[in-house]
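Take 5 as the starting number for the sequence shown in this note's numbering and just add one per residue. For glycine and all other residues, C-beta sits at the position ideal for the given N, C-alpha and C. A quick note: this is a predicted structure, and the numbers were derived from the prediction, not measured. First the structure, in the form of structure tokens, and then the observations on it.
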Amino acid sequence: MTVELAVAFPALIVVAVVATNALLFFSECAAFDNAFRDAVRIHATSPAYGQGVEQSRARVASDLAASFDRPFEAAQVSVEGVAAGHTRFTATLEFSPTLFGLGLKSSVFGVALPSLSHTASFVVSCYKPGVIV
């Protein structure tokens with residue numbers, strides 16, 4: 005019985021680490037989608053007078069950085085113009101695997117744990133109140 009446990013224990017640890025990181029990544033993706041869309045709706049759909057697209061991007065990025073400030077995740081935001089005056093905000097969440105939250109690891113017992121990324125896009129019309137186009 006002890007031999008079987010000694011042989012199976014590393015495999016069980018690897019499965020537990022992969023499952024824990026997968027569930028953590030999925031939960032962070034769901035929270036990231038909600039936070040990103042809320043930040044774009046707040047800061048980009050009705051900007052302040054004189055606020056440009058780059059300032060809206062910076063405000064969205066600062067909101068996401070405040071929400072996702074753990075050492076194993078990072079958020080990036082980019083912006084680009086699309087047809088008909090619409091603006092596309094694209095955010096990427098970079099996730100590095102952890103060993104049950106204790107630190108960043110790239111492998112466990114020889115099994116590679118690559119970093120994962122999740123991208124979300126949101127296209128809005130940056131309405132400027134009081135401006136006649």
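Can residue i and residue j be called in contact, C-beta distance under 9 angstroms?
i	j	result
T91	S129	yes
L97	E77	yes
L9	F36	no
Y131	T24	no
P101	V21	yes
A70	V81	no
Measuring CA to CA, which of the options is closest to residue i?
i	options	result
F126	S119, S31, T102, T94	T94
A79	L9, G85, V86, R63	R63
V86	R41, Y53, V57, A70	V57
A15	V115, S110, Q55, R74	V115
F13	F113, E32, S119, T123	F113
I17	V81, S111, T123, A124	S111
A26	A124, T123, S119	S119
A43	S60, G89, L117	S60
State buried or exposed for residue i, treating a residue as buried only when at least 16 other CB atoms are found within 10 Å of its CB.
i	result
N38	exposed
T6	exposed
V137	Note that V137 scores 41 on pLDDT, short of 50, meaning its location in the model is unreliable; the coordinates nonetheless yield the value given after this. V137 is exposed by the Cβ-count criterion.
F99	buried
V11	exposed
P75	exposed
V83	buried
F40	buried
With DSSP as the reference, identify every bridge partner of residue i, one or two as the case may be.
i	result
A95	V81, A124
A10	Per DSSP, none; premise fails for A10.
S111	A116
S100	BP columns for S100 are empty, so no partner.
> Considering only residues of the region 14–87, which uninterrupted alpha helix (DSSP H) runs meet the minimum length of 4 residues and lie entirely inside it, listed in chain order?
Replying inline: 57–71
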